[in-house]
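Oh and the sequence shown: position 338 is 338 in UniProt numbering, straight run, nothing missing.
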Amino acid sequence: MTAFDDSIPDGFSARQLFGQGYSYTYDDVIFHPGHINFGAHEVDLTTNLTRKIKLSTPIVSSPMDTVTEAAMAIVMATCGGIGFVHYNMTLEEQVQNVARVKRHKPGYVVTPAVMSPQNTIADLEALKASKGFGSVCVTDTGAVGGKLLGIVTTRDYDFVADRRTSLDEIMTRDVETAPEGTSAEEAKSLLLQNKRGKLPIVNSQGQLVALATRSLFKESRQYPKAGPPSTDSQGRLLVGAGVGTRDDDKRRVDALRESSNIDAIILDSSQGDSTYQLEMVSHVKRAHPDLQVICGNVVTSAQARRLIEGGADGLRVGMGSGSICTTQEVCAVGRGQATAVYQVSRLASSLGVPTIADGGIQNSGHIVKALALGASTVMCGSLFAGTAEAPGEYFTVNGARVKKYRGMGSLEAMAKGSETRYHSDTQSLKIAQGVSGTVKDKGSIRRTVPFLVQAVRQGFQDLGARDLQAARDMLHNGAMRVECRTGAAQAEGGVHDMHSFDKVRW
């Protein structure tokens, strides 16, 4: 019997593989399985977004104008992550989006559809066509905060021939209400007890504060849980926002902090190693010492060190790796995302600063790889584009139901205001570093995120890591073994030799 030669080890340590001078993507690398002595349900994915903010789910949504506004941020925080509201909008709109997240309570619509008694059925139908609301609350001011006068549902106006009829003539005035401060469970019991679909919440003056609905409670029961919600010290959902690095953005940060009590901001730039970003970090830290500031994007340890020394509480890693980004092609700068995440996270973790792997995430396996290579969280753009919570309306192209998705470096997005992200002079010729297109309807992220989390737990179980810290320890002590895959190995690792198949992920 031939003696076993143990001088040829299984795979490489991460230090060996990434020290060879090659730029690797997530698909280029594969991890070896570890020893399993625990269940997937025991894997703890709790992580740090920044020096001071913890999340139970290591997934966040990108500050892109076709990905994150209030609806996305609410669901992300409810699932244990966090959403970053984009800044390709007016200051007032961004403040309103952040405030909506902060006011959100499970089971409640904090900004319900409201009209005045003078509005007509035609007005209501126009609102229904644009926003999907089939019923509205009626207040004396036509807005939340006005005195509640009644409620109008489809049963009130379905058979009214004259669509110019005012809501004052058809609304139901004898409406069951609940006082401000009613808990979600109490509201649910009242809805069941009264056999109603909607329960307005009013303050002591009878002014409309919110609306509890049976449909929202049904939704929360329908979808699986990902993790405990991300909340601040007062029990409000966590939310972040993207901002630029110009003087106007300093006023934007002030307003977001003072009006909406934002929890974290991202200094949104494709190349974060700049004097502009260092000056902005310095300003924010002087004006709002407790506000967590995430800097980036960076792909090298030298870039990361400058921003950390400048006061960054977190770093966003990635340049040109997003599905709609063309920075590497147009500008010839960037780095393979797996290499970038490993190199930046190695330095940042030694200095106590968490990293966000931003870009290149196409599936749950990529999330496992990013976290195993040292990232604290992953940021998703294309994975969440086209979901029900993403901004924009669905439309049909060649029989497919789609939504618009575009890079913030696309000419279309820059025309709306995102050129500051690329240090672009508003008067000069604009060079696109992204594309615009469409993505298919993906349903709700209420379903997507929990299944991504479960897949990541199973991935960590296969690695033999009970939590993110255990994975990092294995990464740096050489216990985690990794290899580079050839093109043939990548093909073998995917579905092959099938005449036809359905790739159902969950």
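Backbone N, C-alpha and C define an ideal beta-carbon position, used for all residues, glycine too.
Closest by C-alpha distance to residue i, when choosing among the options
| i | options | result |
| --- | --- | --- |
| residue 473 | 4, 3, 7 and 14 | 14 |
| residue 98 | 262, 65, 464 and 49 | 262 |
| residue 266 | 41, 491 and 84 | 84 |
| residue 120 | 41, 153, 178 and 379 | 153 |
| residue 333 | 129, 471 and 297 | 297 |
| residue 178 | 189, 229 and 249 | 189 |
| residue 365 | 463, 407, 442 and 306 | 463 |
| residue 140 | 184, 159, 134 and 167 | 167 |
| residue 224 | 450, 295 and 252 | 450 |
| residue 351 | 433, 42 and 308 | 308 |
| residue 173 | 275, 322, 396 and 136 | 136 |
| residue 271 | 303, 249, 252 and 248 | 303 |
| residue 310 | 286, 330 and 299 | 286 |
Between the CA atoms of residue j and residue i - distance to the nearest angstrom
| i | j | result |
| --- | --- | --- |
| residue 205 | residue 147 | 8 Å |
| residue 142 | residue 114 | 6 Å |
| residue 80 | residue 239 | 11 Å |
| residue 482 | residue 217 | 45 Å |
| residue 491 | residue 21 | 24 Å |
| residue 453 | residue 301 | 29 Å |
| residue 171 | residue 125 | 15 Å |
| residue 566 | residue 28 | This structure leaves residue 566 out entirely; the chain is present only between 1 and 506. |
| residue 254 | residue 291 | 10 Å |
| residue 388 | residue 12 | 42 Å |
| residue 485 | residue 38 | 28 Å |
| residue 398 | residue 455 | 32 Å |
| residue 207 | residue 378 | 42 Å |
| residue 74 | residue 200 | 21 Å |
| residue 294 | residue 496 | 41 Å |
| residue 157 | residue 192 | 24 Å |
| residue 487 | residue 100 | 47 Å |
Residue i: first and last residue of the uninterrupted beta strand (DSSP E) it sits in
| i | result |
| --- | --- |
| residue 137 | 136 to 139 |
| residue 358 | 355 to 358 |
| residue 200 | 198 to 202 |
| residue 483 | 482 to 484 |
| residue 150 | 148 to 152 |
| residue 295 | 292 to 298 |
| residue 18 | Note, residue 18: premise wrong, no beta strand (DSSP E); alpha helix (DSSP H) at 14 to 18. |
Endpoints, the alpha helix (DSSP H) within which residue i is located
| i | result |
| --- | --- |
| residue 404 | Note, residue 404: premise wrong, no alpha helix (DSSP H); beta strand (DSSP E) at 400 to 406. |
| residue 251 | 247 to 260 |
| residue 316 | It is not in any alpha helix (DSSP H) - residue 316 instead sits in the beta strand (DSSP E) that spans 314 to 317. |
| residue 327 | 327 to 331 |
| residue 218 | 214 to 222 |
| residue 133 | Note, residue 133: premise wrong, no alpha helix (DSSP H); not H, not E. |
| residue 367 | 364 to 372 |
Own chain, CB closer than 8 Å to residue i, minus 5 neighbours either side, in chain order
| i | result |
| --- | --- |
| residue 440 | 386, 400, 401 and 402 |
| residue 102 | 236, 237, 239, 260 and 261 |
Residue i at chain C interface by Cβ criterion, 8 Å
| i | result |
| --- | --- |
| residue 473 | In summary, chain C is missing from the structure at hand, where a single protein chain is found. |
7 Å Cβ shell around residue i - same chain, five flanking residues per side excluded
| i | result |
| --- | --- |
| residue 390 | 66, 67, 72, 384 and 403 |
| residue 48 | 54, 354 and 376 |
| residue 328 | 320 and 334 |
| residue 213 | 109, 197 and 198 |
| residue 359 | 318, 321, 322, 325 and 337 |
Cutoff 6 Å; reference residue i; Cβ partners in own chain excluding five residues on either side
| i | result |
| --- | --- |
| residue 134 | 128 and 154 |
| residue 460 | 43 |
*With contact counted as at least three CB pairs below 8 Å, one residue from each stretch, are the segment 272 to 286 and the segment 239 to 248 in contact?*
yes
*Counting pairs of beta carbons, one from the segment 87 to 104 and one from the segment 61 to 70, are three or more of them closer than 8 Å?*
yes
*Per the contact definition of three or more C-beta pairs closer than 8 Å, is the segment 326 to 345 in contact with the segment 370 to 377?*
yes
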